[in-house]
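Each remark here refers to the structure printed beneath this line.
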Amino acid sequence: VSLLEDGYKLIVIDSNINSSPLALVRVKEILQNKNIAIEEIIFKNGDIRDVNFINNVFKEASLANNPITAVIHFAGLKSVFESVKNPSLYWDVNVVGSLSLLKVMEYYDCTTIVFSSSATIYGDDWSGSIVESTGLEPKSPYGNTKAAIEKILEDFFKISGNNWRVANLRYFNPIGAHPSGMLGENPLGIPNNLFPYICRVAKGEYKNLVIYGNDWPTEDGTGVRDYIHVMDLAASHRAALDYLFNNEPQFISLNIGTGRGTSVIQLVDTFKRINNCDLPYVISKRRKGDVPTLIANNQYALSKLDWSPSKSIEDMCKDGWRWNLLNPKGFENR
Ligand code: UFG
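Position one of the sequence shown corresponds to residue 22 (my numbering), numbered consecutively onward.
Dropping the structure here:
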């Protein structure tokens, strides 16, 4: 939505293993409702590990005199828990997939890429606010794959004579939904993450939220994270593309967070207050692998990009809940 509002022409590639094709229908509806005329969104269903498939997408665009000028690469699996159980799947989809994409990009001389990386690559041996120069010490196969892809991108950049334009966006904790209530997330199965779990408790699907520990060294004893509204996250991609297009070729990594911390209890209280709903919870022991506090130092991103996150925790709770209320079963069943 953000890119189309900005006049970009898009080709969307998705295997749809974790997503619904209806999301793109909704994208079009949102823009129609705002009276924004857009060109056709080209959609290609396929897997990025399939070099022939990717090659055909690039070839078709070139033959149509619309060569692909940049890629935003989100394609990957993202569950820490699942990656521990099945690391080879994560290496295959995330790393082999990225490599196949990059080889085709190189062949077509498309050398601008915004990559969706994660704060998880910083590991768990620190506490508080993190800068980009912090050493990478991922603690899960998922984190390892994100760090490995950043390294591969760095090698592509170096071997080209520093000629690629690469931005690694290291996401902190994205939550919320499009403010229209028409686009949002609906994780398959039991959600691992706090926000979708809160939404399911609020909908009455689960009896209570389980808070993993209230004995952390934080103000109220519960874990503190840097939650960022998904619309601010989307805007950072648009800003990163603009930045790459308008500057010298470079390899840059940026923390995408708000720089503000919110505890589990604070998030729960805000959600209840803003949405006027009940959210019972119980306290259990700490979850393995969790850290007390994870907050972005976002000064570098603020200084480089024409971007600054503007949405509050209240906005995140309100928009996330609206999406859930309007789409209790996700896209398939409004
Ligand atoms: N939490 C609960 N109960 C739950 C789920 C989470 O109390 O049911 C707590 C956690 O202990 C933590 C906080 O809520 O203190 C946030 O947990 P999330 O699982 O929502 O998010 P994480 O910070 O653990 O992990 C997220 C992404 C990862 C990513 C990581 C770092 O899920 O993919 O941020 O970027 F790697």
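Using N, Cα and C, we set each Cβ at its ideal position, and we do this for glycine too.
Residue i burial status per 10 Å Cβ neighbour count (16 or more: buried)
i: S305; result: exposed
i: A140; result: buried
i: F64; result: exposed
i: E353; result: exposed
i: D340; result: buried
i: D253; result: buried
i: F292; result: buried
i: Y111; result: buried
i: E206; result: buried
i: I390; result: Missing from the structure shown is residue 390; the chain here goes from 22 to 355 and no further.
i: R191; result: buried
i: N39; result: exposed
i: I34; result: buried
i: R343; result: buried
i: S331; result: exposed
i: N267; result: exposed
i: K167; result: buried
i: R47; result: buried
i: R355; result: Low per-residue confidence applies at R355: pLDDT is 49, beneath 50, and the placement is therefore not dependable, though the value from the model is reported in the following sentence. The residue in question, R355, is exposed, as its Cβ has fewer than 16 Cβ neighbours within 10 Å.
i: P159; result: buried
i: G182; result: exposed
i: S161; result: buried
i: A261; result: buried
i: L347; result: exposed
i: L123; result: buried
i: I180; result: exposed
i: R307; result: exposed
i: I57; result: exposed
i: G310; result: exposed
i: G28; result: exposed
i: N296; result: buried
i: V22; result: buried
i: A256; result: buried
i: R70; result: buried
i: N87; result: exposed
i: N229; result: exposed
i: E335; result: exposed
i: L84; result: exposed
Integer-rounded CB distance, given that residue j should sit under 8 Å from residue i
i: S121; j: H94; result: So it is not a contact: roughly 11 Å between Cβ atoms.
i: R246; j: N213; result: R246 to N213, Cβ: 14 Å. No contact.
i: N189; j: S138; result: 4 Å
i: I75; j: I32; result: Actually they do not touch by this definition, with Cβ atoms about 11 Å apart.
i: V222; j: V303; result: Not quite, the Cβ-Cβ distance comes to about 11 Å (not below 8 Å), so this is no contact.
i: E60; j: K30; result: 6 Å
Those residues which DSSP pairs with residue i across a bridge
i: S139; result: Y192
i: D35; result: N66
i: Q271; result: R186
i: Y233; result: S305
i: N276; result: R191
i: Y248; result: N194
i: A317; result: I151
i: V92; result: I134
i: T283; result: R246
Spatially closest choice to residue i from the options, by CA coordinates
i: N115; options: Y129, K99, T239 and K106; result: K99
i: E103; options: I69, I232, L209 and F266; result: L209
i: I134; options: G156, V231, D263 and E61; result: D263
i: D236; options: P108, S274, E158 and V312; result: V312
i: M126; options: K167, Y143, V78 and I151; result: V78
i: G144; options: N297, G278, V152 and L157; result: L157
i: N73; options: D290, N87 and Y128; result: Y128
i: N318; options: P349, G202, I277 and P330; result: I277
i: K325; options: D241, N87, L347 and H258; result: H258
i: V187; options: L45, I151, L275 and N66; result: L275
i: L288; options: E60, P42, Y248 and L347; result: Y248
i: I219; options: G202, T155 and G197; result: G197
i: P238; options: G202, E153, A223 and S284; result: S284
i: W185; options: K106, L265 and Y227; result: L265
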